[in-house]
Amino acid sequence: MAALAGVDFTLAKGEIHGLVGENGAGKSTLMNIIAGVHPEYEGTMRINGAVVKFRSIRDSLAAGIGMVHQELSIVPELSVAENVLLGVQPTNRLGLIDWKAMYREAEAQLSRLGIRVDPRAPIGRLPLGLQQLVELARVLFSGARIVILDEPTSALSPPEVDVLFSLLRRVRDSGRSIIFISHFLDDILHVSDTITIFRNGRRIATAPARDIDKAWIIERMIGAGHRELEESYTGEIMLNSRPDAQVVLTAEGLAAIGAFRDVSLQVRAGEVLGIYGFLGSGQLELARALFGKLPIAAGTLRIDGRAARLRSTAAARRAGIAFVPESRRSMLFAQEPVYKNVSVSILDRISRLWVRPSAEREIARQHVGRLQIRPPRVERRLNTLSGGNQQKVALAKWLTHLPRVLVLSEPTRGMDVGAKDDVMTIVRSLRAQGIGVVVVSTEPETVLSLADRILVMKRGTITREFANEVVSKDRLLAAA
Amino acid sequence: MSSPPADATIRNRTGPTMAWLRGQLRNIAPFATLLALAILFSVASPSFATFDNLANILQQVSVTGIIAVGLTFVILCAEIDLSVASLANATGIVLAFFTAQDASVNIANIPLPGVAAVVLAVLASLALGAVNAFGLTVIGIPSFIMTLAMLQIGAGICALLVRGQIAYNVPDFIATLGNGAIGPLPWIVVVAAVILLLGHVVLTYTRFGRYVYMVGGNREAAEYSGINVKLILAAVMLVSAVCSGIGGMLGVAHFGSAQQNEFDNYLLDSISAVVVGGTSLFGGQGGIGNTVVGLLVLGVLNNGLDHVRIDSFLKILIRGLILLLALIINVYAQRLRTREAAAG
Numbered sequence: 000m001a002a003l004a005g006v007d008f009t010l011a012k013g014e015i016h017g018l019v020g021e022n023g024a025g026k027s028t029l030m031n032i033i034a035g036v037h038p039e040y041e042g043t044m045r046i047n048g049a050v051v052k053f054r055s056i057r058d059s060l061a062a063g064i065g066m067v068h069q070e071l072s073i074v075p076e077l078s079v080a081e082n083v084l085l086g087v088q089p090t091n092r093l094g095l096i097d098w099k100a101m102y103r104e105a106e107a108q109l110s111r112l113g114i115r116v117d118p119r120a121p122i123g124r125l126p127l128g129l130q131q132l133v134e135l136a137r138v139l140f141s142g143a144r145i146v147i148l149d150e151p152t153s154a155l156s157p158p159e160v161d162v163l164f165s166l167l168r169r170v171r172d173s174g175r176s177i178i179f180i181s182h183f184l185d186d187i188l189h190v191s192d193t194i195t196i197f198r199n200g201r202r203i204a205t206a207p208a209r210d211i212d213k214a215w216i217i218e219r220m221i222g223a224g225h226r227e228l229e230e231s232y233t234g235e236i237m238l239n240s241r242p243d244a245q246v247v248l249t250a251e252g253l254a255a256i257g258a259f260r261d262v263s264l265q266v267r268a269g270e271v272l273g274i275y276g277f278l279g280s281g282q283l284e285l286a287r288a289l290f291g292k293l294p295i296a297a298g299t300l301r302i303d304g305r306a307a308r309l310r311s312t313a314a315a316r317r318a319g320i321a322f323v324p325e326s327r328r329s330m331l332f333a334q335e336p337v338y339k340n341v342s343v344s345i346l347d348r349i350s351r352l353w354v355r356p357s358a359e360r361e362i363a364r365q366h367v368g369r370l371q372i373r374p375p376r377v378e379r380r381l382n383t384l385s386g387g388n389q390q391k392v393a394l395a396k397w398l399t400h401l402p403r404v405l406v407l408s409e410p411t412r413g414m415d416v417g418a419k420d421d422v423m424t425i426v427r428s429l430r431a432q433g434i435g436v437v438v439v440s441t442e443p444e445t446v447l448s449l450a451d452r453i454l455v456m457k458r459g460t461i462t463r464e465f466a467n468e469v470v471s472k473d474r475l476l477a478a479a
Numbered sequence: 000m001s002s003p004p005a006d007a008t009i010r011n012r013t014g015p016t017m018a019w020l021r022g023q024l025r026n027i028a029p030f031a032t033l034l035a036l037a038i039l040f041s042v043a044s045p046s047f048a049t050f051d052n053l054a055n056i057l058q059q060v061s062v063t064g065i066i067a068v069g070l071t072f073v074i075l076c077a078e079i080d081l082s083v084a085s086l087a088n089a090t091g092i093v094l095a096f097f098t099a100q101d102a103s104v105n106i107a108n109i110p111l112p113g114v115a116a117v118v119l120a121v122l123a124s125l126a127l128g129a130v131n132a133f134g135l136t137v138i139g140i141p142s143f144i145m146t147l148a149m150l151q152i153g154a155g156i157c158a159l160l161v162r163g164q165i166a167y168n169v170p171d172f173i174a175t176l177g178n179g180a181i182g183p184l185p186w187i188v189v190v191a192a193v194i195l196l197l198g199h200v201v202l203t204y205t206r207f208g209r210y211v212y213m214v215g216g217n218r219e220a221a222e223y224s225g226i227n228v229k230l231i232l233a234a235v236m237l238v239s240a241v242c243s244g245i246g247g248m249l250g251v252a253h254f255g256s257a258q259q260n261e262f263d264n265y266l267l268d269s270i271s272a273v274v275v276g277g278t279s280l281f282g283g284q285g286g287i288g289n290t291v292v293g294l295l296v297l298g299v300l301n302n303g304l305d306h307v308r309i310d311s312f313l314k315i316l317i318r319g320l321i322l323l324l325a326l327i328i329n330v331y332a333q334r335l336r337t338r339e340a341a342a343g
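Protein chains in written order, with numbering that gives the first Met the number 0: chain A, 0 to 479; chain B, 0 to 343.
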């Protein structure tokens with residue numbers, strides 16, 4: 000299937016054009032073509048009426064197209080001025096950098112955009128919002144007439160978003176054009192002049208922002224034919240929460256610097272708690288904090304009613320918390336055999352001084368059988384297994400001595416349907432055994448298909464709880 | 000899963016032997032080097048391949064071997080300890096400092112019974128190792144820098160204790176272990192063999208050893224598995240310091256003197272032994288078996304070059320080139336495995 004099919008897209012001079020669509024809808028592919036990242040495509044592209052064909056990013060930059068990626072391409076150790084003028088630093092007669100001129104010029108250019116910041120400050124120490132503005136300024140100074148912004152607001156606080164938007168409007172009014180990609184529909188509606196919706200590699204609709212609303216967009220993003228592609232959980236599902244079940248984990252006012260704040264939640268035995276939010280909303284960091292990997296700046300955590308201070312992942316494991324991160328690479332030992340991967344988290348329970356490989360193999364064999372890991376050979380080096388099977392090994396680690404709380408981050412990301420089903424089966428059986436499961440994801444399907452209760456996170460705080468009610472993907476998206 | 004099983008079978012059949020050989024490159028290459036060097040020197044010099052000379056070689060690599068055991072632990076964790084030779088020197092001097100010296104030796108030493116001197120020397124090495132561990136795990140100083148500072152501190156302790164003098168006496172039983180022999184076998188070779196064996200047993204058969212490999216193989220995964228990574232790192236720094244200390248005490252006995260800068264060559268020698276043997280500088284791969292082969296490569300090389308009477312200046316260059324070759328193989332072997340992992 001082509002990532003894009005028969006897409007017409009027109010960007011007017013002096014407009015802010017919002018682009019929305021689910022992950023994989025084709026927004027990024029189109030932007031990569033426009034920015035010269037993907038030189039292979041069919042169709043034609045015109046700038047000011049002249050046909051262009053970009054073979055590299057350099058070509059598109061020369062044609063006046065600049066892109067600000069979600070992952071900023073700043074150099075955090077360098078000063079604001081150095082970042083703004085990276086590659087075009089003013090030099091003196093000897094060819095050395097003229098520092099005074101550089102600071103002066105950077106300050107002048109930034110203040111013209113209404114950004115007031117010390118050009119000598121290392122950019123990495125500035126708040127993220129300011130860093131983003133500086134990066135945007137750099138793209139503008141490089142002569143861009145068209146600026147593409149990918150998810151610029153996901154990590155910003157509301158006041159920072161306002162500053163960004165007023166800057167974008169000023170840029171627009173100077174006759175330049177902006178393409179604004181975001182999952183945050185409120186932001187898109189607020190700042191855009193025109194909005195285009197993508198789904199399954201096609202452009203579904205384009206409309207002036209003042210004529211449409213959030214529900215109209217969501218309807219077109221998800222689409223009527225969608226139900227055939229995804230499974231039943233894209234429709235409405237009833238959450239059967241268990242408010243009477245015993246609480247195993249309580250968090251009150253948890254905060255981690257730069258990630259999330261004021262998070263209070265309860266995890267109950269035999270319940271799957273889903274935490275959903277866009278990338279950068281803080282839920283992935285929350286999962287790490289619950290496992291002692293990310294230091295908690297404020298708030299308290301109780302496990303089975305007892306206060307727990309998780310100074311390390313080892314402490315979290317002893318307290319009865321288990322964690323499977325979103326990246327298999329950071330959970331597994333690629334060069335080691337399957338059985339050593341399975342036993343690593345329980346070595347201290349099955350052996351004291353000496354390791355007992357025969358016991359480890361026996362335990363691994365049980366899991367390999369029960370989880371249907373293929374091939375069923377515990378001596379095989381882990382990296383010879385397929386991705387889905389590796390994910391099962393990552394789960395198997397925690398299944399010998401069951402934890403009280405199992406935190407799963409993006410448990411089905413990048414999996415085919417069969418492997419997803421297997422993971423769901425495992426999670427349901429764990430729930431049946433009375434474990435509190437927390438599923439954290441940026442994909443609504445993952446949360447909807449697994450959770451009994453759903454929390455939605457937005458910009459680092461919990462904004463909505465769905466419990467004992469009917470929920471659907473569009474309601475989830477609307478809350479995020 | 001989605002990929003049909005036939006697919007996997009085909010891939011396995013394209014050359015399991017080649018795949019195995021590629022995976023074993025880091026173990027095979029040092030062994031082949033050792034074999035090649037041994038044959039080369041045996042042909043070039045009739046005095047090389049004799050039992051006496053073999054005993055010589057073993058004796059020459061013993062102190063390096065003891066130090067290299069601890070260093071193997073550290074390098075398996077993808078860290079480095081540059082203070083090993085300095086700590087060996089300091090521990091040897093502490094031992095001599097607490098032993099009665101001849102009247103001609105003009106240092107303000109404190110004579111104690113032999114056992115007490117040894118205990119104090121071991122405690123000294125442990126304490127210095129604990130500083131390394133603290134700096135690495137609690138403060139978060141990279142081991143390269145932390146142990147570089149410790150190298151200086153160790154040298155400073157040596158200088159302060161002997162003040163330019165040379166001490167000759169160590170407790171009797173240490174002197175025997177360092178310089179005596181049982182029959183044809185020098186005690187120091189026996190001690191080195193025992194410590195190497197002990198290191199191998201700990202790494203292969205104990206829980207701690209397993210954790211060392213796991214932390215070195217993928218530190219993030221170790222942490223996400225609930226292993227106390229910092230504790231393991233602290234422990235390997237202590238193991239390294241104690242091995243250096245033992246090497247230092249026996250070395251002082253073996254050389255018959257304790258003085259400043261006595262062990263300067265041992266830092267590069269012990270790192271070379273570990274790396275030439277094929278233990279990965281990126282951690283997680285290798286072991287004491289590799290270190291033993293690395294030690295023998297270095298021993299045969301040093302000793303053999305003496306037998307063929309090569310220009311001693313050229314000798315230094317040749318050692319450098321061999322080390323470079325080993326590093327190239329080390330990095331290349333790592334890349335092969337990583338590529339395989341990416342394909343698998």
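C-beta: ideal position from N, C-alpha, C; glycine also.
Residue burial annotation: D51/B is exposed, with fewer than 16 other C-beta atoms found within 10 angstroms of its C-beta. Here K99/A is exposed, its C-beta having fewer than 16 other C-beta atoms within 10 Å. The straight-line gap separating the alpha-carbon atoms of I147/A and L18/A is approximately 10 Å. Residues of the segment 193 to 205 of chain B with a Cβ closer than 7 Å to any Cβ of chain A, in chain order: Y204, T205. In the DSSP annotation of this structure, the continuous segment of the beta strand (DSSP E) that includes F197/A starts and ends at 193 to 198. Within the segment 239 to 284 of chain B, the runs of alpha helix (DSSP H) that reach at least 4 residues and sit entirely inside it are, in chain order, 263 to 275. The alpha-carbon separation between G288/B and G276/B amounts to approximately 8 Å. The segment 172 to 190 of chain B and the segment 243 to 253 of chain B touch, with no fewer than 3 CB-CB distances between them shorter than 8 Å. For S256/B, the closest Cβ of chain A is not nearer than 7 Å.
Using a Cβ-Cβ cut-off of 7 Å, A18/B does not count as an interface residue toward chain A, since no Cβ of chain A sits closer than that to its own. Contact annotation: V446/A and G279/A have beta-carbon atoms that are not nearer than 7 Å. With its beta carbon at least 7 Å from every one in chain B, V266/A lies outside the interface. The shortest CA-to-CA distance from R412/A to any of D186/A, S191/A, M423/A, E251/A is the one to M423/A.
Taking 7 Å as the CB threshold, Y167/B stays off the interface with chain A.
D451/A places its beta carbon 7 Å or farther from that of S263/A. Nearest to A272/B by C-alpha distance, out of G247/B, G298/B, Q284/B, is G298/B. Residue pairing from DSSP leaves K26/A without any beta-bridge partner. For G113/A, the secondary structure class from DSSP, reduced to helix, strand or coil, is coil. By DSSP's assignment, S176/A forms a beta bridge with I145/A. Three or more beta-carbon pairs separated by less than 8 Å link the segment 182 to 196 of chain A to the segment 206 to 216 of chain A, which places the two stretches in contact.
For D261/A, the three-state secondary structure derived from DSSP is strand. Between the beta-carbon of E150/A and that of Q245/A there is about 39 Å, and that puts the pair past the 8 Å contact cut. Contact between the segment 203 to 223 of chain B and the segment 73 to 81 of chain B is present: three or more C-beta pairs spanning the two stretches fall below 8 Å. Of all residues in the segment 278 to 298 of chain A, only F290, K292 place a beta-carbon less than 8 Å from a beta-carbon of chain B. Counted as a single uninterrupted DSSP element, the beta strand (DSSP E) harbouring P207/A occupies residues 201 to 207. Neighbourhood of M236/B in chain A, by CB distance below 7 Å: empty, with the nearest CB roughly 18 Å away. Contacts with chain A (Cβ-Cβ distance below 9 Å) from the segment 20 to 34 of chain B involve G22, listed in chain order. For A250/A, the enclosing beta strand (DSSP E) begins and ends at 246 to 255.
DSSP places H306/B inside the alpha helix (DSSP H), whose first and last residues are 287 to 306.
In summary, the residues of the segment 221 to 250 of chain B whose CB is separated from some CB of chain A by less than 9 Å are A221, E222, Y223, S224, G225, I226, N227, V228, K229, L230, in the order they occur in the chain.
Residues of the segment 325 to 345 of chain A with a C-beta less than 7 Å from any C-beta of chain B: S329, M330, L331, F332, A333, Q334, E335, V343, S344, listed in chain order. Of the candidates I221/A, I180/A, I187/A, the residue whose Cα lies closest to the Cα of N199/A is I221/A.
Against E219/B, the close residues of chain A are S329, in the order they occur along the chain (beta-carbon pairs closer than 7 Å). Relative to S357/A, the option among K457/A, V377/A, Q371/A, V67/A whose CA is nearest is V377/A. Your pair L94/B and V117/B checks out as a contact, with CB atoms roughly 7 Å apart and the cut at 8 Å. Looking at the DSSP output, P121/A shares a beta bridge with S78/A.
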